[in-house]
Amino acid sequence: MFQYYCLNPISPVGLELFNDDYINVDKMEEAQAVLVRSAAMHDLSLSENLNAIARAGAGVNNIPLERCAEAGIVVFNTPGANANGVKELVLAGMLLASRDVVGGIQWVKENSSDGDIAKKAEKQKSAYAGCEISGKKLGIIGLGAIGVKVANAATHLGMDVYGYDPFISVKAAWELSRSIHHAASVEEIYKNCDYITIHVPLMDGTKKMINKDAMEQMKDGVVILNFARDLLVDEEDLLGALDSGKVKKYVTDFPNPTVAGKDGVIVIPHLGASTEESEDNCARMAVEEVMDYLKNGNIKNSVNYPNCDMGVCRMPARIAVLHRNIKGLISKYSTVMGNADINISDMTNKSRGDYAYSLLDLESPVTPEVVEALKSIDGVLKVRVIK
């Protein structure tokens, strides 16, 4: 039996995938897997029982990745599961920035008791007039699951779309419309585009990448959209660009004291993936990842360990070793098995940065002595007997 714990409410569409081999427990310290959405985990204790954390969403800033890696806890996310929901809100953000629909609605609300409202609206509407997005240039920085969907949808709205991503995956490249202009540099996006939307992960190299220097390269009156992470934009620099007129509008899905209520800023209360469909998709993917890892030892969509897939084990035993990415460990595993007179029928080893993962299919059952011998090897962080 495997035990799991939900740190946040998780869509039942995903939870119903768990079969009778999985039990939902009331205490996190009893669980082998944790499902989480937005709950902060940095200050939580992580028990030795815990093998996996699955984030029902893409961002993992709420999870202590390094601490989990050191404890041999694999952290999963669900890339692409909420992509369509975010895509639709990005398109809405462009429309809201182009035409002052919000201002017009607010005017109607404030004048709702005026019997002459229809007549006055004809005079007032010019204050909320804007422009169409058809024919405008849209620049997309980051062509992952969301960026590709935004790019393709924008072409159907008549936009001239430029995309920049030096690390685009083969899958994303296949899905991208042939009408997208492939920008050779981010500066090409800055120079040419009327609308710029950013869809990259938050890392040291991307933090505050949209700053004063970047905005100075952009067209006057540019619209910037940020539905990825607020720290990708230097929002103090952004407010200055709004005051000068360099930036026409800033649309963000991340409320904070710096931008909330500021002129020229449209702040949405983090609704990007807040659709029933996105929550169902994320929960479904998170549960499938956890089940495959706990039952088979396979890793897909981890953010702190390498992906690894050996399918379903058909041998008497399978053992998983989470370890540091250092030389000589594989030969030591083989020595342990040889000393125990256990033959390795199949084996794979994958690495990612400072950490690595090994799966071994064995022709004989694993004894507690073998497990202890593996655990005693310097560099090994956790050993799991899968079967």
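In the numbering used here, each residue's number is its place in the sequence shown (first place is 1) plus 6. Positions of the beta carbon are idealized from the N, C-alpha and C atoms, including for glycine.
If you draw a straight line from the Cα of I230 to the Cα of V257, it comes to about 6 Å. By the C-beta criterion, the region 91-100 is judged not to be in contact with the region 110-123, since fewer than 3 inter-stretch pairs fall below 8 Å.
Shortest Cα-Cα distance from D298 to any of A58, N310 and L245 involves A58. Relative to L365, the option among G359, A346 and H329 whose CA is nearest is H329. As the crow flies, the alpha-carbon of I174 is around 26 Å from that of E285. Here I186 is actually not in contact with I195; their C-beta atoms are around 12 Å apart, not less than 8 Å.
Boundaries of the alpha helix (DSSP H) around M221: K218 to E222. With 16 or more other Cβ atoms inside 10 Å of its own Cβ, G169 counts as buried. Measuring C-alpha to C-alpha distances from L300 to each of R105, N25, S17 and V19 identifies N25 as the nearest. Closest by C-alpha distance to V377, out of G359, Y361, K338 and G164, is K338. Looking at the DSSP output, S364 sits in a beta bridge with V327 and N355. Taken atom to atom, the span from the alpha-carbon of S132 to that of K126 is near 11 Å.
T281: not part of any beta strand (DSSP E); DSSP gives it neither H nor E.
Collapsing the DSSP output to three states places C288 in a helix. Distance check between A62 and each of L144, F82, I152 and K142 places F82 closest, using alpha-carbon atoms only. For the 9 Å CB-CB criterion, L56 and A75 do not form a contact.
Pairing D236 with F260, the inter-Cα distance amounts to about 6 Å. Annotated three-state conformation of Y311 is coil, per DSSP.
Counting of Cβ neighbours within 10 angstroms places A292 among the buried residues, the total reaching 16 or more. Residues of the same chain with a CB within less than 6 Å of the CB of G278, apart from the 5 flanking positions on each side, are V92, L95, F233 and D259 in chain order. In the DSSP assignment, K143 falls within the beta strand (DSSP E) that extends over K143 to I147.
Under a 10 Å Cβ-count criterion, T84 is classified as buried, with 16 or more other Cβ atoms of the shown protein chains found around its own Cβ. The DSSP assignment places 143-147 and 166-170 as complete runs of the beta strand (DSSP E) inside the region 111-196, in order along the chain (cut-off: 3 residues). Between S382 and N349, the CB-CB gap reaches or exceeds 9 Å. Linking G251 to V66 through their CA atoms gives a straight-line distance of about 35 Å. As computed with DSSP, F8 is found in a beta bridge with Y28.
Less than 9 Å divides the Cβ of G86 from the Cβ of G150. DSSP lists N232 and V273 as the beta-bridge partner residues of T258. Around the beta-carbon of G164, fewer than 16 other beta-carbon atoms lie within 10 Å, marking it exposed. Approximately 6 Å separates the beta-carbon atoms of G385 and L335; this is inside 8 Å, confirming the contact.
Taking all protein chains in view, the Cβ of M34 is crowded by 16 or more other Cβ atoms within 10 Å, so the residue is classified as buried.
K388 sits away from V342, with the two beta carbons spaced by 9 Å or more. Rounded to whole angstroms, the separation of the alpha carbons of W113 and K129 is 12 Å.
Residue pairing by DSSP places K388 opposite L328 in a beta bridge. Bounds of any alpha helix (DSSP H) do not take in R105, whose DSSP letter is neither H nor E.
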